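Numbering (our numbering), first residue to last: 6 to 364. Where a beta carbon is used, it is the ideal one built from N, C-alpha and C, also for glycine. All figures in this text were calculated on a predicted structure; none of them were measured in a lab.
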Amino acid sequence: MKYLFLLLPVFAFSQTYQLEKIVIGSKRGLSEDVFSTYTEAISDFSSAGNRKALDVLEQMPGVSVNQSGAPGQQAFIHIRGSEARHVLVLIDGIRVNDPSSVDKSFNAALLNVGDIEKIEVLKGSQTLLYGSEAMGGVVNIITKKASAKNFVSAHAGFSRGFNLDHTLIKDNSILRAHFFHDQSEGVSAAAGGSEKDGFQNKGATLNLSRQFSEKFEGEWTYKVMDQFVETDTVDMSEPVDAQDDYSKSIQQVFSQKLNYNQEDSRFSYLLGANKMNRFNKSFGSVVGFNAFEFSNELQWQKNIESGSFTLGAENLSETFSQDAVEEKFAGLSSLVFIRDFKKGPWFSQYGARASYHTQ
């Protein structure tokens with residue numbers, strides 16, 4: 006799989022910008038004052054250092070991480086004891102759960118905090134708004150839209166690598182580019198093993214945001230994550246060192262968000278693409294998986310004196326193929342209505358979701 010990196014110039018001196026206020030929100034722009042759905046957020050990564058996003062995320066009450074072995078191996082998010090396949094993970098509102106996996110769990114082992122502005126967590130079932138993939142909850146990872154300073158940072162220790170961040174501002178447009186690389190010789194993935202299983206994680210995030218007018222704004226994000234990790238195998242329930250086994254994935258995510266804001270309402274359009282190319286080598290053979298998920302979402306939210314209501318229409322389409330397996334297609338179209346009522350300390354929510362599966 007080939008992809009293009011756009012390399013922007015990096016200045017050797019520190020370049021500081023006075024940024025305009027940038028308002029970042031989740032799919033619904035959730036607000037405790039208006040909506041009954043409560044969102045918990047992590048927005049301070051200043052002390053995270055080179056830790057992975059999961060190291061920070063699992064500090065939140067009710068959120069746990071299950072990692073199969075040493076750092077770099079597969080890791081999955083659980084909310085309040087739910088299965089990983091029932092936790093929907095979003096990057097800038099786009100579904101990134103692995104469409105090439107049988108249960109569509111998201112492997113978040115190597116997510117880097119370098120390009121993350123905020124992580125929002127919605128605990129408990131969110132199926133009314135997001136569908137059956139969100140039975141356990143939602144994790145929305147929001148990437149940075151700008152940095153006050155251009156910088157290059159490097160680290161060394163258990164893993165070594167670098168982060169490069171560059172922001173360009175012109176008129177009402179902000180372009181930000183982030184590149185990262187992280188690798189380690191690792192430790193054995195098999196309990197008691199002696200052969201080291203390393204990992205390598207590299208990628209980039211490009212984000213363009215523009216304020217067209219006082220009411221109309223747009224944002225475009227492209228993110229690529231190239232992950233490679235050496236693995237071990239199991240023979241007769243016993244872990245065994247495997248010299249050449251590995252798992253490699255290249256995931257590309259694209260999103261386009263257009264918002265038209267009025268005093269008491271907002272109309273939004275979200276276009277998203279999630280492409281996964283994954284290869285696993287085990288017992289001497291390599292199996293490739295390829296999948297593509299495409300989404301269109303329209304929403305209208307209106308605030309009223311007693312709360313708010315949301316009307317939405319969604320369309321998801323997905324293709325999947327595997328070596329020696331014919332390509333498969335699935336589609337889902339949904340209509341959503343949600344009414345949030347709040348008065349003093351009392352709140353309630355009701356709504357309906359109607360879905361049609363094409364296959």
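If only complete runs of 3 or more residues are kept, the segment 183-208 shows no beta strand (DSSP E) anywhere.
According to the DSSP assignment, A58 belongs to the alpha helix (DSSP H) that extends over 58-62. Annotation: the continuous alpha helix (DSSP H) that includes L133 extends over 132-135. Cβ neighbours of T363 within its own chain (closer than 6 Å, five residues either side excluded): G336.
I146 is a Cβ neighbour of I96, given a cutoff of 8 Å. Proximity to G98 across Y274, S254, M65 peaks at Y274, based on C-alpha coordinates. Between A194 and Q78, the CB-CB gap stays under 8 Å. In the structure shown, the three-state DSSP call for R90 is helix. Here the segment 175-185 lies against the segment 118-129, with 3 or more beta-carbon pairs under 8 Å apart.
G277 places its beta carbon 8 Å or farther from that of F297.
The Cβ-Cβ distance between I309 and L133 does not fall below 8 Å. G203 places its beta carbon 8 Å or farther from that of Q216. Using a Cβ distance threshold of 8 Å, K109 and R90 count as a contacting pair. Remark: three or more beta-carbon pairs, one from each stretch, lie closer than 8 Å, so the segment 211-231 and the segment 249-257 are flagged as touching.
In this structure, DSSP gives E219 a state outside helix and strand, which the three-state scheme calls coil. Residue pairing by DSSP puts G336 in a beta bridge opposite S322. If the five residues before and after L321 are omitted, its C-beta is found closer than 6 Å to the C-beta atoms of S300, L337, all from its own chain and listed in chain order. A straight-line Cα-Cα distance of about 15 Å links V192 and D249. A114 and N279 have their alpha carbons spaced roughly 18 Å apart. Using a 10 angstroms sphere on the CB of P76, the tally of other CB atoms reaches 16 or more, which defines it as buried. In this structure, Q306 lies near S270, with their beta-carbon atoms less than 8 Å apart.
Setting aside the 5 residues that flank it on each side, R283 is surrounded in the same chain by S105, S254, F294, each with a C-beta closer than 6 Å to its C-beta; the list follows chain order. Rounded to the nearest whole angstrom, the CA to CA distance from Y251 to F288 is 10 Å. For G119, the secondary structure class from DSSP, reduced to helix, strand or coil, is helix. Residue pairing from DSSP leaves D237 without any beta-bridge partner. A139 sits in a helix when the DSSP states are folded into three classes.
Residues L93, V94, K109, S110, F111, E138 of the same chain have their beta carbon placed closer than 7 Å to that of N102, with the five preceding and five following residues left out of the count. Here S164 is buried. Its C-beta has 16 or more other C-beta atoms within 10 Å.
With a cutoff of 8 Å on beta-carbon distance, Q304 and T315 are scored as near each other. Comparing alpha carbon positions, the residue from L127, T238, S311, A159 closest to L62 is L127.
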